[in-house]
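>
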Amino acid sequence: MNQRRHGYQQGGRLRRPVNVPLDVFSEEIKFYELGEQATNKFREDEGFIKEEEKPLPSNENQRKVWLLFEYPESSQAARVVAIISVFVILLSIVIFCLETLPEFKHYKVFNTTTNGTKIEEDEVPDITDPFFLIETICIIWFTFELSVRFLACPNKLNFFRDVMNIIDIIAIIPYFITLATVVAEEEDTLNLPRAPVSPQDKSTNQAMSLAILRVIRLVRVFRIFKLSRHSKGLQILGRTLKASMRELGLLIFFLFIGVVLFSSAVYFAEAGAEMSYFKSIPDAFWWAVVTMTTVGYGDMRPVGVWGKIVGSLCAIAGVLTIALPVPVIVSNFNYFYHRETDQEEMQSQNFNHVTSCPYLPGTLGQHLKKNNSLSESSSDMMDLEDGVETTPGLLGEQNRMVPFLGTHLTDKQQLQQQQQNCCKQPSNGGGGGGGGGIIGGGGGGVVGGGGGAGVGAGANNNLQQRHNSALAVSIETDV
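In my numbering, the protein residues as written are 1194 to 1672.
(1) For residue 1270, report the span of its alpha helix (DSSP H) as first-last.
(2) List the whole-angstrom C-beta distance separating residue 1282 from residue 1416, where the pair is believed to meet the contact cut-off of C-beta under 8 Å.
(3) Which first and last residues belong to the alpha helix (DSSP H) in which residue 1491 is found?
(4) Nearest CA to the CA of residue 1704: which residue from 1297, 1357, 1524, 1522?
(5) Could you pull out every residue in the same chain whose Cβ sits closer than 6 Å to the Cβ of residue 1482, ignoring the five residues on either side in sequence?
(6) Is there contact here, the segment 1472 to 1480 with the segment 1447 to 1463, by at least three beta-carbon pairs under 8 Å?
(7) Using alpha carbons as the reference points, say which of 1478, 1531, 1448, 1523 lies closest to residue 1515.
(8) Have a look at 1250, 1521, 1331 and flag the residue whose alpha-carbon is nearest the alpha-carbon of residue 1443.
(9) Would DSSP call residue 1429 helix, strand or coil?
(10) For the alpha helix (DSSP H) holding residue 1264, just list the boundary residues, first then last.
(11) Suppose you measure from the CA of residue 1421 to the CA of residue 1225; what does that come to, to the nearest Å?
(12) Around the Cβ of residue 1681, are there at least 16 other Cβ atoms within 10 angstroms (buried) or fewer (exposed)?
(13) Identify every run of the alpha helix (DSSP H) within the segment 1499 to 1547, keeping only runs that are complete inside it and at least 4 residues long; order them along the chain.
(14) I need the straight-line Cα distance from residue 1373 to residue 1327, nearest angstrom please.
(15) Which value, in whole angstroms, describes the spacing of the CA atoms of residue 1359 and residue 1407?
(16) Rounded to the nearest angstrom, how far is the Cβ of residue 1343 from that of residue 1337, given a contact under 8 Å?
(17) Note the first and the last residue of the continuous alpha helix (DSSP H) segment covering residue 1341.
(18) Quick one: Cα of residue 1485 to Cα of residue 1437, how far?
(19) If I follow the unbroken alpha helix (DSSP H) through residue 1456, where does it start and stop?
(20) At the level of alpha carbons, what is the spacing between residue 1210 and residue 1233?
(21) Would DSSP call residue 1355 helix, strand or coil?
(22) Assuming contact is defined by CB atoms lying nearer than 7 Å, are residue 1533 and residue 1445 in contact in what I supplied?
(23) Ends of the alpha helix (DSSP H) at residue 1319?
(24) Within this structure, are the beta carbons of residue 1409 and residue 1367 separated by less than 7 Å?
(25) For residue 1536, which option in 1247, 1517, 1208 has the closest C-alpha, if you only look at C-alpha atoms?
(26) In the structure shown, what three-state DSSP assignment does residue 1471 receive?
(27) List the endpoints of the continuous alpha helix (DSSP H) containing residue 1417.
(28) Using CA atoms only, rank isn't needed, just tell me which of 1253, 1274, 1252 is closest to residue 1262.
(29) With burial defined as no fewer than 16 other Cβ atoms inside 10 Å of the residue's Cβ, what is the status of residue 1291: buried or exposed?
(30) Closest to residue 1673 by C-alpha separation, out of 1217, 1278, 1362, would be which residue?
(31) By DSSP, does residue 1435 sit in helix, in strand, or in coil?
(32) Here's a check: name, in chain order, each residue in its chain whose Cβ is nearer than 6 Å to the Cβ of residue 1480, leaving out the five neighbours to either side.
(33) Look at the alpha carbon of residue 1599 and the alpha carbon of residue 1218, and state the distance between them as a whole number of angstroms.
(34) CB-CB under 7 Å to residue 1270, same chain, minus the five flanking residues each way: which ones, in chain order?
(35) Per DSSP, what kind of secondary structure is residue 1219 in: helix, strand or coil?
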């Protein structure tokens, strides 16, 4: 790792060997404190995507509101808001389903003639209906949530480009159209003067209104997609489908070719058979789709020998056609799933800060343990002035740090340069010390003394310990 580190510092590129696991190499980068840039480059080379930046409003109050409604994991209050939103969404979906039960339907007499009376389901809800009242409460919450998020969002233009916000708007539009229809019905009951309308035109308008109301009621089911805002699984599924559009297009294209081919084949194979279910090639399209997708309703089936052979080939071709693009879609799903879990891990470990080694020897390590501001820094080169001043041997003759920090030299060159710097200092003789001097064996002075001159083994060990201590604290990166 030392050779790779020095090569990286001298302008090279940091590469992970094949025999080194990802987690081990990542821990090595963090231990040697090569910086956030090296970490991000390593993760990018290994296929990990950098965490997307999430812009926040500049105003403090606006930012609090935005975090409250947009990021449920930001605070406990945001989780409560998310739970309320999910409850209202589920309540709205349950009401949408229950109001279609026969015992809850409303019927209305649309046309009365001498031959009979036409009674159909009333698509316009009653304003006193409990389902309509509950729906109104749900829409009030949806509108409030959408309005607050729009007012607090950092970028109003990007707000409408988000698919989730478009779904929120589509989810509340049907209610207001239905409300306008209810108000129009109330005006009809008041018998307000209007222009005369022929019975035929009135019947046509009623049929058109019913069709529009049914489509509007169908749009309400899209509220279920609002759950994807609070579900990571649905978000991963949406990204997977978006990334797999090419494969899905190929799947539909292959199915189209198979449907046309086998529907034509089964039509001509069953042309001479009695009680044939295939009256034309377009009628056989449904059978081909059901057979190729391995559903097999059984409402249409071949009865002749040749028709059964064509049906068997159609089923086999359908299995092969569907099986080919599926692995690519599954691979995309695995990619987005691991990407999501990786981003959650990044958020939990907070890669934006580099933590120094908590086991530093000597006075510097003790000082870093006491001072938390020095044990964590967002820059590549830590501010070590307080710790260095209290650590003997880390300052040169001009009160500067020794060249172990912020250098591109190798270990051997660093030791030689340190020895040369120390040799240039004036000698201070005498003094009892021991073998801990930089130059000299037994004397306490830098040069001379009782131990004489020269470079001892104890000096090299002392320098190496200081070198390791300095490297464990900070290494200046330069790409």
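Glycine residues also receive a C-beta, built at the ideal position from the N, C-alpha and C atoms. For clarity, every value in this text was computed on a predicted model and none was experimentally measured.
By the coordinates alone:
(1) 1269 to 1291
(2) 6 Å
(3) Here residue 1491 belongs to no alpha helix (DSSP H), and DSSP marks it neither H nor E.
(4) With the chain represented from 1194 up to 1672, any question about residue 1704 goes unanswered, as that position is not in the structure.
(5) Taken in chain order, the residues that qualify are 1452.
(6) yes
(7) 1448
(8) Check the Cα spacing between residue 1443 and each of 1250, 1521, 1331: the tightest is with 1521.
(9) Note: residue 1429 maps to helix in three-state DSSP.
(10) Secondary structure note for residue 1264: it is in no alpha helix (DSSP H), with a DSSP letter that is neither H nor E.
(11) 41 Å
(12) It is not possible to answer for residue 1681, since the shown part of the chain is limited to 1194 through 1672.
(13) The alpha helix (DSSP H) runs lying completely inside the segment 1499 to 1547 and spanning 4 residues or more are 1519 to 1542, given in chain order.
(14) 17 Å
(15) 21 Å
(16) Their Cβ separation, rounded to whole angstroms, is 11 Å, which puts residue 1343 and residue 1337 out of contact at 8 Å.
(17) 1323 to 1345
(18) 21 Å
(19) 1438 to 1462
(20) Straight-line measurement puts the Cα of residue 1233 at about 17 Å from the Cα of residue 1210.
(21) Correct three-state label for residue 1355: coil.
(22) no
(23) Careful: residue 1319 lies outside any alpha helix (DSSP H) and carries neither H nor E.
(24) yes
(25) 1247
(26) coil
(27) Note, residue 1417: premise wrong, no alpha helix (DSSP H); not H, not E.
(28) 1274
(29) exposed
(30) Not covered by the structure: residue 1673. The range shown for the chain is 1194 to 1672.
(31) helix
(32) Excluding sequence neighbours, residue 1480 sits near 1493.
(33) Low per-residue confidence applies at residue 1599: pLDDT is 39, beneath 50, and the placement is therefore not dependable, though the value from the model is reported in the following sentence. Each residue's Cα considered, the two are about 22 Å apart.
(34) Only 1261 meet the Cβ criterion.
(35) helix
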